[in-house]
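Chains as they are written, first to last, in our numbering: chain A, -11 to 173; chain B, -11 to 173.
Have a look at the structure below before the remarks.
Number of protein chains: 2
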Amino acid sequence: MSEELIAFFKALSDANRLKIIGLLAQQPYSVEELAVLLDLKASTVSHHLSKLSQIGLVSARADSYYNVYQLDEKVLEAKSRNIFSQENLAASVVDVDAGAYDNKMIKDYTRKDGSLKTIPAQRKKLEAILRYVVKAFEVNKRYSEKKVNEILSRYHEDTASLRRELVGFGLMKREGGGGDYWRES
Amino acid sequence: MSEELIAFFKALSDANRLKIIGLLAQQPYSVEELAVLLDLKASTVSHHLSKLSQIGLVSARADSYYNVYQLDEKVLEAKSRNIFSQENLAASVVDVDAGAYDNKMIKDYTRKDGSLKTIPAQRKKLEAILRYVVKAFEVNKRYSEKKVNEILSRYHEDTASLRRELVGFGLMKREGGGGDYWRES
DNA sequence: AATCTAATTTGATATGTATCGAATTAGATT
DNA sequence: AATCTAATTCGATACATATCAAATTAGATT
């Protein structure tokens, strides 16, 4: 999931961890050596290495007293190639509620009975409300202007504005000059 | 410098900012819309967008009341291609003191007069100390074993061990069976 | 000009985390 | 087996930051 991606970026968003990566790109080092080179305590370096190994960037090899860490260049290349891949971009959005905006507008602008308190002045909000209102019409069925007004009056007294905006935003179509209205798919 | 790289990773190491990038990869959104979609306050989203625009990933375009943000895909691709480039790896290491380890070992193992308290048992430490000791010899000049021992005695009474280790680690060379010693470049 | 509205900035808070020192563990050397 | 040594883990602390609410700003609509 996206947790992995976040862990990856978090692991790399620290100056000392970037230095560790840069050093290990030159040659393997033990924890103690890294601690001296970075002027940190071994426990701190151990903590950093643990984060880097969690994302698979480094691994350890025991050598006598020492735990020698090395950079896994293959992982490095693989990661950098697909960080912003389509999958990753899509994955980060997967749990976003796509209808949240329309739902909030409906919540903000309607009463319990479904009628509109006001007609939004802002375009984006108006559009969301119109998407809500247009559901009162069946798809592909033809309505006379009188019938359209009757249905729209359940939402707001200014049926003329609603009707005009529905057509303006392309949510409903009108035939020729004064013909019928219908809702397309 | 490396500050830029850290800012880049920090900007991306947050779940909501990744979601914003994912959403903007589909289409531009206003701050308010993003706030609703992510279930955050507008001020928080503004804060996130500010971080993303600092690294050049997003930019804003004014549209009526709204500030519509869009993803700069070119920057996205460019960044992902050279994140772990040689320059970036080298840049993160630029202010690391390469001699810090040897210096610490010298500090730990020598007295004020430069002589050794003990000869380190650990290989890496021994190597650092030997790199220090070998500086007492001129490069490419030939020394008799007797002369070598005399010089080494300034560092430690166990001249035989020092001499053997210097040769063992390749810091000094010896000709044939019992010939002279010399330090190579 | 006066009034809206969205966006940003600011201040406060709560959570996260880099760092250290101390204690413990794992493992090699003697 | 006993003793070192490096590495790791744990607990505490200080600094960073994600979030919200309130105040301010910028800009468009009327």
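Built from N, CA and C at the ideal position, the CB exists for glycine as well.
Model, not experiment: these values are computed from the prediction.
Would you call residue i buried or exposed, if buried means 16 or more other Cβ atoms sit within 10 Å of its Cβ?
i	result
Glu153(A)	buried
Gly10(A)	buried
His35(A)	exposed
Tyr17(A)	buried
Lys7(A)	buried
Lys174(A)	What is shown of chain A runs -11 to 173, which leaves residue 174(A) out entirely.
Ala(-1)(B)	buried
Tyr53(A)	exposed
Val19(B)	buried
Ser132(B)	exposed
Ser1(B)	buried
Lys112(B)	buried
Taking Cβ-Cβ distances shorter than 8 Å, what residues in chain A pair up with residue i?
i	result
Lys62(B)	By Cβ distance, chain A contributes nothing, its closest Cβ being about 12 Å from Lys62(B), past 8 Å.
Tyr53(B)	Gln110
Just to confirm before moving on: does the CB-CB distance between residue i and residue j stay below 8 Å?
i	j	result
Val238(A)	Gly44(A)	Residue 238(A) is absent from the structure shown; chain A starts at -11 and stops at 173.
Gly169(B)	Val24(A)	Here residue 169(B) is Tyr; the residue named in the question, Gly, does not match the sequence. Taking 8 Å as the Cβ cut-off, Tyr169(B) and Val24(A) do not qualify as a contacting pair.
Arg171(A)	Val122(A)	yes
Tyr97(A)	Ile71(A)	no
Ile94(B)	Ala3(A)	no
Phe125(A)	Ile139(A)	yes
Leu40(B)	Val33(B)	no
Val136(B)	Arg151(B)	yes
Leu159(A)	Arg119(A)	yes
Ser(-10)(B)	Ser80(B)	yes
Val82(A)	Leu26(B)	no
Arg142(A)	Ser103(A)	yes
Grouping DSSP H, G and I as helix and E and B as strand, with all else coil, what is residue i?
i	result
Arg142(A)	coil
Gln15(B)	coil
Ala48(B)	strand
Tyr53(A)	coil
Val82(B)	coil
Gln58(B)	strand
Lys161(B)	strand
Leu104(A)	strand
Arg119(A)	helix
Arg152(A)	helix
Arg99(A)	coil
Please return the same chain residues whose Cβ sits closer than 7 Å to the Cβ of residue i, not counting the five positions on each side in sequence.
i	result
Gln58(B)	Leu12, Pro16, Val46, Ser47, Arg49
Phe(-4)(B)	Ile43, Lys67
Arg162(A)	Val155, Tyr169
Phe157(A)	Glu115, Leu118
Thr147(B)	Asn137, Leu140, Ser141
Glu61(B)	none
Ala30(A)	Val19, Glu20, Ala23
Below 7 Å on C-beta distance, what does residue i contact in chain B?
i	result
Val81(A)	Lys7, Gly10, Leu11
Ser(-10)(A)	Ala3, Leu6
Ala78(A)	Gly10
Kindly list, in the order they appear in chain A, the residues whose Cβ is closer than 7 Å to that of residue i.
i	result
Tyr97(B)	By Cβ distance, chain A contributes nothing, its closest Cβ being about 13 Å from Tyr97(B), past 7 Å.
Phe72(B)	Leu64, Ser68
Among the residues of its own chain, which have a CB less than 6 Å from the CB of residue i, if the five just before and after it don't count?
i	result
Leu114(A)	Pro108
Can you give me the Cβ contacts of residue i inside the same chain, cut-off strictly under 8 Å, excluding the 5 residues immediately before and after it?
i	result
Ser173(B)	Val127, Asn128
Lys105(B)	Tyr97, Thr98, Arg99
Arg5(A)	Ala(-1), His36, Lys39, Leu40
Gly166(B)	Glu133
Would you mind telling me which residues of chain B sit closer than 9 Å to residue i, beta carbon to beta carbon, in chain order?
i	result
Glu75(A)	Those within 9 Å of Glu75(A) in chain B number zero; the least Cβ separation is about 11 Å.
Ile117(A)	Simply none; closest approach about 14 Å.
Name, please, each residue of chain B whose Cβ falls closer than 8 Å to the Cβ of residue i.
i	result
Tyr89(A)	Glu21, Val24, Leu25
Val84(A)	Lys7, Gly10, Leu11, Leu25, Leu26
Ala66(A)	Ordered by position in chain B, no residue passes the 8 Å Cβ test against Ala66(A), which lies about 11 Å from the chain.
List the residues of chain A whose Cβ lies closer than 9 Å to the Cβ of residue i, in chain order.
i	result
Lys39(B)	Under the 9 Å cutoff, chain A gives no residues; its nearest Cβ is about 12 Å from Lys39(B).
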